[in-house]
Amino acid sequence: MKPKNPLTFRHRNDKTILQGGFISLAKLNTKYIGLIFISPWLIGFLSFQLYPLVASFIYSFTDYSVLRSAKFIAFDNYIRMFKIDKDFLHSLKVTFSYALMAVPGKLGFALIVALLLNIKIKGMSFYRTLFYLPSILGGSVALSALWRLMFMKDGIVNNMLQSMGIPTPDWLGDPHIALFTISSLEVWQFGSSMVLFLAALKQIPQELYEAAKVDGASWASNFFRITIPLITPIIFFNLIMQTLHALQAFTSAFVITGGGPLKSTYLVGMKLYNEGFNNFKMGYASAISWVLFAIILLVTLLIFKSSDTWVHYNDKEGA
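According to my numbering, the stretch in the sequence shown is residues 396 to 714, in order.
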């Protein structure tokens with residue numbers, strides 16, 4: 396006779412029992428088994444997301460640094476932020492200017508590329524992959540460092556302009572164009588928005604364009620009367636996501652310009668980093684992060700509120 400496997404399953408009273416093991420599954424409630432399986436994610440969420448979130452909110456009402464214990468100071472951090480600290484208000488202005496340049500530029504460029512990649516020609520799959528590559532690299536430090544080398548005074552961009560006899564600006568040293576330089580890096584990473592636009596364009600029924608062609612509609616009329624209205628849900632989604640990303644930007648300003656020149660690229664992310672890790676004012680940095688969170692929430696709500704007037708959904712049209 397073959398010896399019985401000590402780890403075999405058998406059914407008794409519709410309950411599965413693991414013989415020879417240390418745990419009887421029949422004695423465990425199903426919900427606890429589920430908790431065991433999600434425990435790695437749950438531990439990570441509680442340790443690295445929920446706890447820091449709650450702790451930063453508490454620290455925002457304290458005078459706290461890593462060198463001494465926290466001292467409760469009520470709303471002093473928030474009062475200082477808006478009444479005393481001029482750098483914070485300046486960083487807010489710079490951040491909104493950055494977002495106003497980066498977000499429309501990124502979405503506009505992504506839509507133009509998506510329209511070009513929607514044309515049916517041979518080898519289009521290769522071109523789509525090629526245009527998506529910048530987004531795979533993401534907003535990494537290495538990519539920001541490469542951007543800095545390209546736009547230095549004697550970098551490749553100025554060398555190309557000089558060879559064509561075009562004046563060469565100081566991209567990173569001129570306070571009037573430094574913010575544009577780092578926002579162009581954000582625009583260059585248009586791949587994720589482009590993919591979503593391309594998917595939306597492919598969902599538009601071709602019968603609409605054929606009917607418009609019979610009526611003698613121009614390309615511009617098709618674009619503004621058919622294409623744009625039908626992809627407004629994707630425009631809305633991309634607008635929300637890219638606005639959130641732009642208002643939290645940090646890496647490009649930190650690596651490329653360090654917030655300069657003359658703090659012309661001093662984003663809120665830079666201000667938060669300097670207060671927390673250079674000045675060791677963790678309580679004040681926490682207060683800045685919560686004000687930034689409130690601003691992002693307000694901007695998001697305003698975009699959602701405005702969507703009723705310009706975003707068109709098929710279910711609304713058919714209602």
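Even glycine gets a Cβ: it sits at the ideal position worked out from N, Cα and C. This one's a predicted model, so the numbers in the text were calculated from it and none came from an experiment.
Identity of the residue in L639, W614, P628 and N633 nearest N709 by Cα: Stepping through the sequence shown from its first residue, residue 709 is reached at position 314. Out of L639, W614, P628 and N633, P628 has the C-alpha closest to the C-alpha of N709.
Whole runs of the alpha helix (DSSP H) within the stretch 579-646, excluding any shorter than 4 residues: 586-597, 601-609, 614-617 and 627-642
8 Å CB neighbourhood of K711 in its chain, flanking five on each side removed: Along the sequence shown, read from residue 1 onward, the residue named residue 711 stands at position 316. Any reading at K711 must be qualified, since the residue scores a pLDDT of 49, below 50, and its modelled position is unreliable; no value is offered.
Spatially closest choice to A648 from R463, S460 and A494, by CA coordinates: If you number the sequence shown from 1, residue 648 lands on position 253. Taking only the C-alpha atoms, the option nearest A648 is A494.
Own chain, CB closer than 6 Å to Q601, minus 5 neighbours either side, in chain order: Position 206 of the sequence shown, counting from 1, holds the residue named residue 601. Result list for Q601: empty, nothing under 6 Å.
Burial state of F619 (16 or more Cβ within 10 Å): As a first step, residue 619 is located in the sequence shown; it is residue number 224 there, counting from the start. Looking at its Cβ environment, which holds fewer than 16 other Cβ atoms inside 10 Å, F619 is exposed.
Member of I479, I438 and Q598 whose CA lies at the smallest distance from the CA of I626: Residue mapping note: residue 626 aligns to position 231 of the sequence shown, counting from 1. Measuring from the Cα of I626, the nearest candidate turns out to be Q598.
Three-pair Cβ contact test at 8 Å for the stretch 682-693 versus the stretch 450-460: Yes, they touch.
Cβ pair L512, F491 closer than 8 Å: Locating residue 512 in the sequence shown gives position 117, counting from the first residue. Locating residue 491 in the sequence shown gives position 96, counting from the first residue. Taking 8 Å as the Cβ cut-off, L512 and F491 do not qualify as a contacting pair.
The stretch 628-639 touching the stretch 652-665, judged by at least three CB pairs closer than 8 Å: no
Cβ-based burial, K666 [other Cβ within 10 Å; buried from 16]: Reading the sequence shown from its first residue, position 271 is the one you call residue 666. It counts as buried.
Inter-stretch contact (C-beta, 8 Å, three-pair minimum) for the stretch 581-593 and the stretch 495-506: yes
A615 versus G678: straight-line alpha-carbon distance, rounded: One-based indexing of the sequence shown puts residue 615 at position 220. One-based indexing of the sequence shown puts residue 678 at position 283. If I take the Cα positions, the gap works out to 54 Å.
Ranges of the beta strand (DSSP E) found wholly within the stretch 434-474, counting only runs of at least 3: 457-460 and 463-467
Minimum C-alpha distance to I630 - residue among A607, K466, V663 and F699: Numbered from 1 along the sequence shown, position 235 holds the residue referred to as residue 630. Of A607, K466, V663 and F699, the residue nearest in Cα terms is F699.
Residues near P570 by beta carbon distance below 7 Å, same chain, minus five either side: Here residue 570 corresponds to residue number 175 of the sequence shown, with the count starting at 1. For P570, where only same-chain residues beyond five positions count, the Cβ hits under 7 Å are P656, L657 and S659.
L697 versus N554: straight-line alpha-carbon distance, rounded: Against the sequence shown, residue 697 aligns to sequence position 302. Against the sequence shown, residue 554 aligns to sequence position 159. In a straight line, the C-alpha of L697 is about 44 Å away from that of N554.
Outcome for R463 when other beta-carbon atoms lying within 10 angstroms are tallied against a minimum of 16: Stepping through the sequence shown from its first residue, residue 463 is reached at position 68. Burial call: exposed.
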